[in-house]
Amino acid sequence: MKFTTVLELGGKTATGIPVPEYVVAALGAGKRHPVVVTIGSHSYRSSVAPYRGAYLIAMSAENRALAGVAAGDEIEVDLRLDTEPREVEVPADFAAALANEDARAAFDALSYSNQRRHVLAIEGAKAAETRERRILAVLAELLPPSPAE
2 MKFTTVLELG GKTATGIPVP EYVVAALGAG KRHPVVVTIG SHSYRSSVAP YRGAYLIAMS
62 AENRALAGVA AGDEIEVDLR LDTEPREVEV PADFAAALAN EDARAAFDAL SYSNQRRHVL
122 AIEGAKAAET RERRILAVLA ELLPPSPAE
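And the structure:
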């Protein structure tokens with residue numbers, strides 16, 4: 002479904018694509034829809050979500066750069082429901098850390114968004130030590146504390 006809108010700036014850097022209600026209604030029942038967004042020749046996966054009385058799709062700085070758009074630009078958006086499974090590619094060092102059956106089960110039980118949040122934090126580390134600390138922090142969040150002996 003195609004529509005034209007203005008890319009909104011919310012705060013200092015956050016941008017969102019306002020989605021008309023008729024588009025949301027055409028996506029089907031529910032308020033949150035996984036979608037593939039295409040602007041020009043650039044496509045990315047996201048979700049339509051209610052936010053402060055409107056429906057928006059978040060657009061990261063990376064996606065804005067790849068699409069060649071900025072806040073305030075009028076854009077033509079092509080939107081389609083995303084029916085493909087959402088799976089996060091886990092880096093090898095993190096996958097090794099998830100070898101613990103309980104840790105892997107806890108990670109697999111997280112939503113796609115939360116899995117992605119953890120992986121992006123790990124991948125965003127510039128130093129090996131920082132990456133290791135972030136992996137340990139995720140494991141600490143996933144696994145319940147051991148009972149004190």
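Residue 94 in our numbering is what sits at position 93 of the sequence shown, and the numbering runs on without skipping anything. The C-beta atom is built at its ideal place from N, Cα and C for all residues, glycine as well.
Proximity of the stretch 90-102 to the stretch 45-54 falls short of the contact definition, fewer than three beta-carbon pairs being nearer than 8 angstroms. Around the beta carbon of N115, a 10 Å sphere encloses fewer than 16 other beta carbons of the protein chains shown; the residue is thus reported as exposed. Taking each of D79, R132 and V139 in turn and checking the Cα distance to N101, the smallest one comes out for V139. When DSSP reads this structure, E75 sits in a beta bridge with V7. In the three-state reduction of the DSSP assignment, A68 falls in the helix class. The three-state secondary structure of R46, taken from DSSP, is strand.
Under DSSP, R135 forms no beta bridge with any residue. Residue pairing from DSSP leaves V89 without any beta-bridge partner. Contact check for A72 against L8 passes: the beta carbons are separated by less than 8 angstroms. At the C-beta level, T6 and A62 stay beyond 8 angstroms of one another. Contact between the stretch 20-31 and the stretch 106-115 is absent: fewer than 3 CB-CB pairs across the two stretches fall below 8 angstroms. DSSP, read as helix, strand or coil, puts L121 in helix. For L28, the enclosing alpha helix (DSSP H) stretches over residues E22 to L28.
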